[in-house]
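Student: Take this structure first; my questions come after.
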Amino acid sequence: MKVGIIDIGIGNLASVSNALLKLEMEPILCSSPDMLKHVDSLVLPGVGAFPAAMILLTSNGFDMAIKDFVTSGRVLVGICLGMQLLFSESLEIRQTLGLNLISGTVVPLRDVVDLPVPHMGWNNVTSLSSHFKRFEGDYYFVHSFYCKPTSDKSVLLECNYGNNFAAAVSSGNGVFGLQFHPEKSQRLGLELLRECLESC
Amino acid sequence: MLKKRLIPVLFIKNGHIVRSESFSQHKIIGNVVNEVRRYNEWDIDELIYIDISRGESYDSGRNDHNVQRVQSIDEIIALVAKECFMPLTFGGGIRSLERIESLLKNGADKVVVNTMLFESPAIVKEAVDKFGSQAIVACLDYRVKDGSIRFYSDGATKEQPHDLNGIVQLLKTLGCGELFLNSIDNDGMAEGFDIKSIEMISSRFSIPVIACGGAGSTYDFEELNAVESVAAIAAGNLFHFTENAYPRAKKELKKRSYNFR
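Residue numbers (the working numbering), protein chains in the order written: chain A, 25 to 224; chain B, 3 to 263.
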C-alpha cells in the first residue's frame, strides 16, 4: 500500500515513515498537492502551532487537495496536530479555521486541567466503539490542546487527563484523527495505525 | 491516568555504549545496534542517548559484535529510529541550532541541552520557538556543595553561578518542555537516588522532570516513585549489567500497584 505523508516542513516525518516501513507499507513524502493522486491512503502528521500549519496547508493548495482526497473515498489519518487540523476551528494563539472534515473545536488543555501542560507521556485510553475495544491500552501523548468534537459519535477512544478528552476520532467516511503518536506507541500504536489505514 | 516513565539512558562514547561513573570513568560495555534490539524486546517507555564522545571519532568498530560499523551520531539515530517505535531523546555535545535540527530530522523526538542553557540561551529559545517546547529538554547536572545545590555545564567540569531560583527563572524564560535532572556525585554509584535534592529541585518546576543518577536496584525506583513531582525515572548502568533488569523492574513496580505502563 502506498501511503502518502504530507510534507509541509513540520513534524518528525522520519518517525511516521519508519513506522509505515515496519508495517510493510510504502511511505511516500508528498511535498506538493498533485502527489496525492498517486497514493492509496494519506497521513497528515504535525508538530507545532495550528495557525502556522493551516497557513502552510492553504498557501500551497493542500487544503483543497486533502478534501478531494477524502471525497475520493481514500483513508486520511491525522496525527497529533494533524488530528487537530481536521477539525472546524482551533483556539490556539488565535481563532483559526481548520480543514473542517470533522465538526468541532480545538481548545487549550490549560483551561480545563490543573495539571502540567503539555500532557506528555504514556496514558491509557478506553474504547467508546466495540470495534476498537482491542486497541485499549497505553499510548504516547505530547500535546497542549485537545479536540472537542460536536458529536460524541465521532469519538473512538477516550483518554483522561484532568478530564476526559477524545484520543481518537473518526468521521465515519475514512477520516481518522489520533491525538497520541501511534508511531511512538510501540506495537499497539503500530497496529492501530494499520487498522486505520486499511479500514477502507 | 498518565503513567510514570522508566527510561534507560545509554551513554555513547566514540560509537560505543559505555558505563558511566561520576562523569569521568567510562568502560565500553556494548554495541549501539545490539543494545537497540534488546531495548526493543523489552518494550521500554522511552530511550535517552547521551553522547559523551570527545573529538569526532564515532566508529563503533568492534567487528566481534558482528554488526555494521557506526560512523556518526546522526547515523546512530537514523539506525535506532528505524527499529524503535517509542520516544527517542538525544543529547551530548549539542552547541548549535543546526545540530538540533539535524538530530530532529534524523529521527530524534527530543534533544537534551546542557551547556547551551548557559553559553547560548538565545539559541535554546530559538529552538523552542522553532521546534516546540516538547522537543527541547533541559539537562541540569548538579552537585550538593556545602549544603547548597550547584549546577554544572561542560560535562560537569564548569560550575555555573545560578542558584536554584535563578535556574527556575532561566528555564521558564527559555521555555524548555522537560527537565533531565542528573546528580553528578550519584552517577554510577548504584547507591540510590539523591531523593532530597531531587524533591527539592523538581517540586519547583511545572514541566515534567526526569530524575537520574544512582539507581542500584528496583528498591531505588520505588523510593523515587514516592516523589510526586518526578514524572520519569531514568537509569543507565543498572539496565546494562543485570539480565532483563528493565522488564523485571517494571514487573516489580506494577506488582506494587505503582503507576507504570
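Yeah, the Cβ is synthetic: ideal placement off N, Cα and C, and Gly gets one too.
The structure presented is a predicted model; accordingly, all values stated were derived computationally and were not measured.
What did DSSP end up calling threonine 220/B once you bin it into helix, strand or coil?
Tutor: helix
Student: Can you tell me the Cα-Cα spacing of lysine 112/B and valine 139/B, whole angstroms?
Tutor: 7 angstroms
Student: Distance cutoff 8 angstroms, beta carbons only. Does tyrosine 260/B sit that close to anything in chain A?
Tutor: Tyrosine 260/B does not count as touching chain A.
Student: Residues of chain A with CB under 7 angstroms from arginine 263/B, in chain order?
Tutor: Trp146, Asp162
Student: Tell me which residues share the same chain as methionine 49/A and place their Cβ nearer than 6 angstroms to its Cβ, disregarding the 5 neighbours each side in the sequence.
Tutor: Same-chain partners within the cutoff: Met25, Val27.
Student: Excluding five sequence neighbours on each side, which residues of the same chain lie with their C-beta closer than 7 angstroms to the C-beta of valine 69/B?
Tutor: Note that valine 69/B has pLDDT 47, beneath the 50 cutoff, so the model's placement of it is unreliable and the number below is only indicative. Hits under 7 angstroms: Asn33, Val35, Asn36.
Student: Quick one, which of Val114/B, Gly177/B, Leu183/B has its alpha-carbon nearest aspartate 131/B's?
Tutor: Residue Gly177/B is the option with its Cα nearest to aspartate 131/B.
Student: According to DSSP, simplified to helix, strand and coil, what is arginine 40/B?
Tutor: helix
Student: Could you pull the start and end residues of the alpha helix (DSSP H) that phenylalanine 243/B belongs to?
Tutor: 239-243
Student: Throw me the rounded Cβ distance for the leucine 221/A and valine 99/A pair, which I believe falls under 8 angstroms.
Tutor: 6 angstroms
Student: Taking the alpha-carbon positions, what's the valine 131/A to glycine 190/B distance?
Tutor: 44 angstroms
Student: Given that a residue counts as buried once 16 or more other Cβ atoms are within 10 Å of its Cβ, and exposed if not, what is methionine 3/B?
Tutor: exposed
Student: Assuming valine 114/B and cysteine 141/B form a contact by the criterion Cβ under 8 angstroms, report the distance between their Cβ atoms to the nearest whole angstrom.
Tutor: 5 angstroms
Student: Does any CB atom of chain B fall closer than 8 angstroms to the CB of glutamine 210/A?
Tutor: yes
Student: Going straight from the alpha carbon of arginine 97/B to that of glycine 238/B, what length do you get?
Tutor: Spanning the two alpha carbons is a distance of roughly 24 angstroms.
Student: Using the C-alpha atoms, what's the distance from threonine 95/A back to valine 11/B?
Tutor: Valine 11/B and threonine 95/A: Cα-Cα distance of roughly 46 angstroms.
Student: When you check each C-beta in the region 180-191 of chain B against every C-beta of chain A, which residues fall closer than 9 angstroms?
Tutor: Glu180
Student: For a contact meaning CB atoms closer than 8 angstroms, what does asparagine 108/B contact in chain A?
Tutor: Ala38
Student: Thinking just about the alpha-carbon of each residue, which of Asn147/A, Asp92/A, Leu125/A, Leu37/A is nearest to the one in glutamine 108/A?
Tutor: Leu125/A
Student: Compute the beta-carbon to beta-carbon distance between isoleucine 203/B and isoleucine 151/B, rounded to the nearest angstrom, for a pair I have assumed lies under 8 angstroms.
Tutor: 7 angstroms
Student: Which partner residues of phenylalanine 262/B appear in the DSSP bridge assignment?
Tutor: Lys6/B
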